[in-house]
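*Asks:* Before anything else, here's the structure in question.
Number of protein chains: 2
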Amino acid sequence: MVMSPGAIARYAGAVMSRWKPDADGRLIEAALVLFDRQGYEDTTVADLAASAGLTRRTFFRYFSDKREVLFSGAGELERLWVNAVTGAPKGCGAMVAMEAGFAAVAEVFTERHSFAKIRARIIAANPELQERELIKLEKLASSVAAALEERGIEAGRAALAAYTGVQIFHLAFARWIAQDDPGGLLPLMHESLEELREVLTS
Amino acid sequence: MVMSPGAIARYAGAVMSRWKPDADGRLIEAALVLFDRQGYEDTTVADLAASAGLTRRTFFRYFSDKREVLFSGAGELERLWVNAVTGAPKGCGAMVAMEAGFAAVAEVFTERHSFAKIRARIIAANPELQERELIKLEKLASSVAAALEERGIEAGRAALAAYTGVQIFHLAFARWIAQDDPGGLLPLMHESLEELREVLTS
DNA sequence: ATCCCGGATGTCACTTGGTGCCATCACCCT
DNA sequence: AGGGTGATGGCACCAAGTGACATCCGGGAT
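Those protein sequences? They're chains Z and F, same order as listed.
Taking this note's numbering, the leading residue of the first sequence gets 785, the next gets one more, and so forth.
Taking this note's numbering, the leading residue of the second sequence gets 785, the next gets one more, and so forth.
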C-alpha cells in the first residue's frame with residue numbers, strides 16, 4: 785500500500801496522538817478493498833468510514849466526495865509532470881519538453897503496478913469513476929500546457945502538445961495495465977507517440 | 785431551440801393527445817433557461833419539472849440523471865460522425881476517414897452556434913457537467929475508433945486516429961465557441977490538425 | 001497545577017438526487 | 001361495453017453531501 789503524506793510524517797518519530805494515525809490512508813485502503821470486493825455502487829461511504837474506524841462526516845472532511853478517495857494521487861502526478869516540463873533543458877521544443885514528463889511519470893509508476901491494476905479494475909467497472917478520471921486528465925493536460933507556455937511556447941501549440949501528450953499517456957497506461965511488465969510504461973509511451981506520428985503523416 | 789425527435793413526430797400531423805406534447809423538449813428548454821439564469825447547482829430537478837409542467841419522477845423517465853438533460857444530442861453527434869467515417873471513400877487512410885467526420889459534424893453545428901454558446905457557458909461553470917462532457921467525448925472517440933477498425937484499420941492506429949480526431953474537435957469547438965463566426969468550425973478543425981502535425985514533427 | 005485553546009472527531013438534522021412500486025386516467029382497439 | 005396500453009402522478013425510501021454544534025484530549029501559557 786502507498787503511504788499517505790500523513791502516514792509518513794507520523795511514522796517518522798511523531799508521538800502517539802489521541803487518534804489512530806493516518807486516517808486518510810486508512811480510508812483509501814478501505815476503499816480499494818471494499819470497492820474491489822463488492823463494487824463501488826454497493827459500498828456506501830458509511831461502509832468505508834466504519835472500515836477505517838471513523839464516521840461518514842469525517843470521511844467528507846478528508847475527501848470532497850465518494851469518488852475522490854481513489855484520486856488523491858492526481859495532484860502528485862500533476863506536480864511531477866509539471867516539474868519535469870519546467871526543468872527540461874532550455875530551448876528544447878514543445879514535444880521534447882513534454883516527453884521529459886513521460887520519464888518522470890513512468891518512473892513513479894513502476895513501483896505501483898499491482899496497485900494501479902486493482903485501481904484500474906475498479907474504475908473500469910463504474911462510469912462515475914471514469915468521469916472523474918477523465919477530468920483529472922483534463923486538469924493534468926491544462927497544467928502541463930501552462931507549464932509549456934511558461935517556457936515561452938505559444939498558447940495554441942502548448943495546448944496541442946500537452947493534450948496530445950496526456951492522451952498518449954492515457955493510452956499507454958491502459959496498455960501497461962493490461963500487461964505484466966511493471967517497468968514497461970515508458971517504452972509504451974514512446975511507442976505510442978511514434979505510432980501517432982506515423983498515423984498523422986501517412 | 786432544437787426540436788426533439790418527439791416534437792418533430794407530433795408536429796407532423798399527430799392528433800392532440802392527452803398530454804402536452806414534447807415533454808423532453810420542454811425539459812431541455814427549461815434546463816437551458818434555468819441553468820443559465822440561476823446556475824446548475826441552484827436549480828433542482830423539481831424546478832425543471834415544474835417549469836415544464838411535470839413532476840420530478842417524470843423527469844427521470846426522460847433523463848437518467850440531472851446532467852443528462854444537457855447531453856441528449858451526444859447520440860446524434862456520434863451517429864453522424866460514425867456514418868461519415870463508414871461512408872468515406874474506400875481505401876483512404878485512417879486520418880482521411882476521420883476527417884470525413886469533421887465535415888459532417890461541422891455542418892450540423894453551423895445552425896446551432898448561439899445554442900452551443902449558452903450550453904458551453906453552463907457547462908464551463910460546473911465541474912460535474914464538464915465530467916459528463918468528457919465521458920461523452922470518450923464514448924464518441926471509442927465509437928469512431930470502432931468504425932475505423934470496421935474499415936480494416938489496425939486497432940492501435942484506429943484508436944490513435946480517433947482519439948486524436950476527437951481531441952482536435954474538442955479544441956476547435958472551444959475556439960469556435962469563443963468567436964462569432966457560426967460557419968467557422970470546419971476551418972478551425974483543419975487548422976488545429978495542421979498545427980498538431982507541425983508540433984509533432986518539429 | 002490550572003486554565004484555555006486548537007484541532008480532529010462525533011452527532012444530528014436537513015436538502016437533494018435517484019429509484020421502486022403502485023395508482024390513475026384518457027385513448028384505442030375489439 | 002370492456003379490457004389493454006402508455007404516459008404520468010404520488011409516495012416511500014436510500015444514499016450522497018452539508019452546515020451547525022458538541023465533545024474531547026493534548027499542549028502551551030499563566
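The beta-carbon is built from N, C-alpha and C at its ideal position, and this holds for glycine as well.
Everything numeric in this text was worked out from a predicted model, so none of it was measured.
Residues of chain F with CB under 9 Å from Z:Gln951, in chain order?
*Replies:* Here residue 951 of chain Z is taken as the residue at index 167 of the first sequence, counted from 1. Result: Leu944, Tyr947, Thr948, Gln951.
*Asks:* Looking only at its chain, what residues have a beta carbon closer than 8 Å to the beta carbon of Z:Leu818, apart from the 5 residues adjacent to it on each side?
*Replies:* As a first step, residue 818 of chain Z is located in the first sequence; it is residue number 34 there, counting from the start. Within the same chain, Z:Leu818 has close Cβ partners Thr827, Asp831, Leu832, Ser835.
*Asks:* With DSSP collapsed to three states, give me the class of Z:Leu838.
*Replies:* As a first step, residue 838 of chain Z is located in the first sequence; it is residue number 54 there, counting from the start. Residue state, collapsed to three classes: coil.
*Asks:* Cβ atoms of F:Ala942 and F:Leu955: under 8 Å apart, would you say?
*Replies:* Sequence index remark: in the second sequence, residue 955 of chain F carries index 171 (1-based). Sequence index remark: in the second sequence, residue 942 of chain F carries index 158 (1-based). No, Cβ-Cβ distance for F:Leu955 and F:Ala942 is not below 8 Å.
*Asks:* Please identify the residue among F:Glu938, F:His974, F:Gly936, F:Ala884 whose C-alpha is closest to the C-alpha of F:Ile952.
*Replies:* Within the second sequence, numbered from 1, the residue matching residue 952 of chain F stands at position 168. Nearest of F:Glu938, F:His974, F:Gly936, F:Ala884 to F:Ile952, Cα basis: F:His974.
*Asks:* Could you name the residues of the segment 922 to 940 of chain F whose beta carbon sits closer than 7 Å to any beta carbon of chain Z, in the order they occur along the chain?
*Replies:* Those residues of the segment 922 to 940 of chain F that come within reach of chain Z (Cβ to Cβ, closer than 7 Å) are Glu922, Gly940.
*Asks:* Counting pairs of beta carbons, one from the segment 804 to 813 of chain F and one from the segment 843 to 858 of chain F, are three or more of them closer than 8 Å?
*Replies:* The segment 804 to 813 of chain F vs the segment 843 to 858 of chain F: in contact.
*Asks:* Have a look at F:Leu861 and F:Val950 and give me their C-alpha separation to the nearest angstrom.
*Replies:* As a first step, residue 861 of chain F is located in the second sequence; it is residue number 77 there, counting from the start. As a first step, residue 950 of chain F is located in the second sequence; it is residue number 166 there, counting from the start. So the two alpha carbons sit approximately 12 Å from each other.
*Asks:* Report the rounded CA-to-CA distance for Z:Val880 versus Z:Ser898, giving the unit in angstroms.
*Replies:* Sequence index remark: in the first sequence, residue 880 of chain Z carries index 96 (1-based). Sequence index remark: in the first sequence, residue 898 of chain Z carries index 114 (1-based). Rounded to the nearest angstrom, the two C-alpha atoms are 30 Å apart.
*Asks:* So, helix, strand or coil for F:Ala909, using DSSP?
*Replies:* The count along the second sequence starts at 1 and reaches residue 909 of chain F at position 125. F:Ala909 falls in the coil class under three-state DSSP.
*Asks:* Under 8 Å, Cβ to Cβ, is there at least one residue of chain F near Z:Ser986?
*Replies:* Here residue 986 of chain Z corresponds to residue number 202 of the first sequence, with the count starting at 1. Closer than 8 Å to some Cβ of chain F, the Cβ of Z:Ser986 qualifies, so yes.
*Asks:* Between the Cα of Z:Ala878 and those of Z:Glu934, Z:Arg916, Z:Ala904, spot the shortest distance and give me the residue it belongs to.
*Replies:* In the first sequence, counting from the first residue as 1, residue 878 of chain Z sits at position 94. It is Z:Glu934.
*Asks:* In the structure shown, what three-state DSSP assignment does F:Pro744 receive?
*Replies:* Any question about residue 744 of chain F goes unanswered here, given that chain F covers just 785 to 986.
*Asks:* Does the Cβ-Cβ distance between F:Asp820 and F:Ile902 come in under 8 Å?
*Replies:* Counting from 1 along the second sequence, the entry for residue 820 of chain F is found at position 36. Counting from 1 along the second sequence, the entry for residue 902 of chain F is found at position 118. Against a cut-off of 8 Å, the Cβ pair of F:Ile902 and F:Asp820 comes out as a contact.
*Asks:* Measure the Cβ-Cβ separation of F:Val829 and F:Phe843 and say whether it is below 8 Å.
*Replies:* Reading the second sequence from its first residue, position 45 is the one you call residue 829 of chain F. Reading the second sequence from its first residue, position 59 is the one you call residue 843 of chain F. Their beta carbons are under 8 Å apart, which means F:Val829 touches F:Phe843 by this criterion.
*Asks:* Excluding five sequence neighbours on each side, which residues of the same chain lie with their C-beta closer than 7 Å to the C-beta of F:Ile961?
*Replies:* Taking the first residue of the second sequence as 1, we reach residue 961 of chain F at position 177. The residues are Ala900, Lys901, Ala904.
*Asks:* Keeping to the same chain, check which residues put their C-beta closer than 7 Å to that of Z:Leu977; ignore five residues upstream and five downstream.
*Replies:* The sequence position of residue 977 of chain Z within the first sequence is 193, counting from 1. Within the same chain, Z:Leu977 has close Cβ partners Ile952.
*Asks:* Given this structure, state the Cα-to-Cα distance separating F:Glu825 from Z:Leu918, to the nearest angstrom.
*Replies:* Stepping through the second sequence from its first residue, residue 825 of chain F is reached at position 41. Stepping through the first sequence from its first residue, residue 918 of chain Z is reached at position 134. C-alpha separation (whole angstroms): 21 Å.
*Asks:* With distances taken between CB atoms, is the gap from F:Leu970 to F:Phe847 smaller than 8 Å?
*Replies:* As a position in the second sequence, residue 970 of chain F is number 186, starting the count at 1. As a position in the second sequence, residue 847 of chain F is number 63, starting the count at 1. Contact flag unset, no.
*Asks:* Mind listing the chain F neighbours of Z:Gly877? Cutoff is C-beta to C-beta under 9 Å, in chain order.
*Replies:* Your numbering for residue 877 of chain Z matches position 93 in the first sequence. Near Z:Gly877 (Cβ distances below 9 Å), the residues of chain F are Val983, Ser986.
*Asks:* Can you confirm whether Z:Pro873, when its beta carbon is compared against all beta carbons of chain F, has any partner nearer than 8 Å?
*Replies:* The residue you call residue 873 of chain Z lines up with position 89 of the first sequence. Not one chain F Cβ lies under 8 Å of Z:Pro873.
*Asks:* Does the Cβ of F:Leu972 lie closer than 7 Å to at least one heavy atom of the ligand SAH?
*Replies:* As presented, the structure is devoid of all ligands, the ligand SAH included, so that no description of it is given.
*Asks:* Identify each residue in the segment 845 to 865 of chain F for which the Cβ-Cβ distance to at least one residue of chain Z is less than 8 Å, and report them in chain order.
*Replies:* If the cut-off is 8 Å between Cβ atoms, the segment 845 to 865 of chain F has nothing near chain Z.
*Asks:* At a CB-CB cut-off below 7 Å, which residues of chain Z make contact with F:Leu969?
*Replies:* In the second sequence, counting from the first residue as 1, residue 969 of chain F sits at position 185. None at all; the shortest Cβ gap to chain Z is about 16 Å.
*Asks:* Just the Cα atoms here: how many angstroms apart are Z:Arg845 and Z:Leu913?
*Replies:* Mapped onto the first sequence, residue 845 of chain Z falls at position 61. Mapped onto the first sequence, residue 913 of chain Z falls at position 129. When rounded, the distance between both Cα atoms is 20 Å.
*Asks:* Note down, in chain order, every chain Z residue with its Cβ under 8 Å from the Cβ of F:Glu915.
*Replies:* On the second sequence, position 131 is the one that residue 915 of chain F refers to. What F:Glu915 touches in chain Z: Glu915, Arg916, Leu918, Ile919.
*Asks:* So, is Z:Asp849 buried or exposed, given that buried needs 16 or more other C-beta atoms within 10 angstroms?
*Replies:* Residue numbering aside, residue 849 of chain Z sits at position 65 when the first sequence is read from its first letter. With fewer than 16 other Cβ atoms within 10 Å, it is exposed.
*Asks:* Please confirm if F:Leu972 has its CB atom under 8 Å from at least one CB of chain Z.
*Replies:* Position 188 of the second sequence holds residue 972 of chain F. By this cut-off, F:Leu972 is not an interface position.
*Asks:* Alpha carbon to alpha carbon, how far is F:Trp803 from F:Thr839?
*Replies:* For the purposes of this step, residue 803 of chain F is taken as the residue at position 19 of the second sequence. For the purposes of this step, residue 839 of chain F is taken as the residue at position 55 of the second sequence. Distance between the alpha carbons of F:Trp803 and F:Thr839 is about 13 Å.
*Asks:* With distances taken between CB atoms, is the gap from Z:Glu979 to F:Leu921 smaller than 8 Å?
*Replies:* Within the first sequence, numbered from 1, the residue matching residue 979 of chain Z stands at position 195. Within the second sequence, numbered from 1, the residue matching residue 921 of chain F stands at position 137. No, they are not a contact pair.
*Asks:* At least one CB of chain Z closer than 8 Å to the CB of F:Glu978: is that the case?
*Replies:* Locating residue 978 of chain F in the second sequence gives position 194, counting from the first residue. No, no contact with chain Z.
*Asks:* Determine the burial state of Z:Arg896: buried for a count of at least 16 other Cβ atoms within 10 Å of its Cβ, exposed for fewer.
*Replies:* Within the first sequence, the letter at position 112 stands for residue 896 of chain Z. With fewer than 16 other Cβ atoms within 10 Å, it is exposed.
*Asks:* Using the C-alpha atoms, what's the distance from F:Ala946 back to Z:Arg916?
*Replies:* As a working note, residue 916 of chain Z is residue 132 in the first sequence. As a working note, residue 946 of chain F is residue 162 in the second sequence. Approximately 21 Å between the Cα atoms of the pair.
*Asks:* Excluding five sequence neighbours on each side, which residues of the same chain lie with their C-beta closer than 6 Å to the C-beta of Z:Thr870?
*Replies:* Here the question's residue 870 of chain Z lines up with position 86 in the first sequence. Here the set comprises Ala931.
*Asks:* On the criterion of 16 or more Cβ atoms from any shown chain inside 10 Å, does F:Glu989 qualify as buried, or is it exposed?
*Replies:* Within the shown structure, residues of chain F are numbered from 785 to 986, placing residue 989 of chain F beyond reach of any answer.
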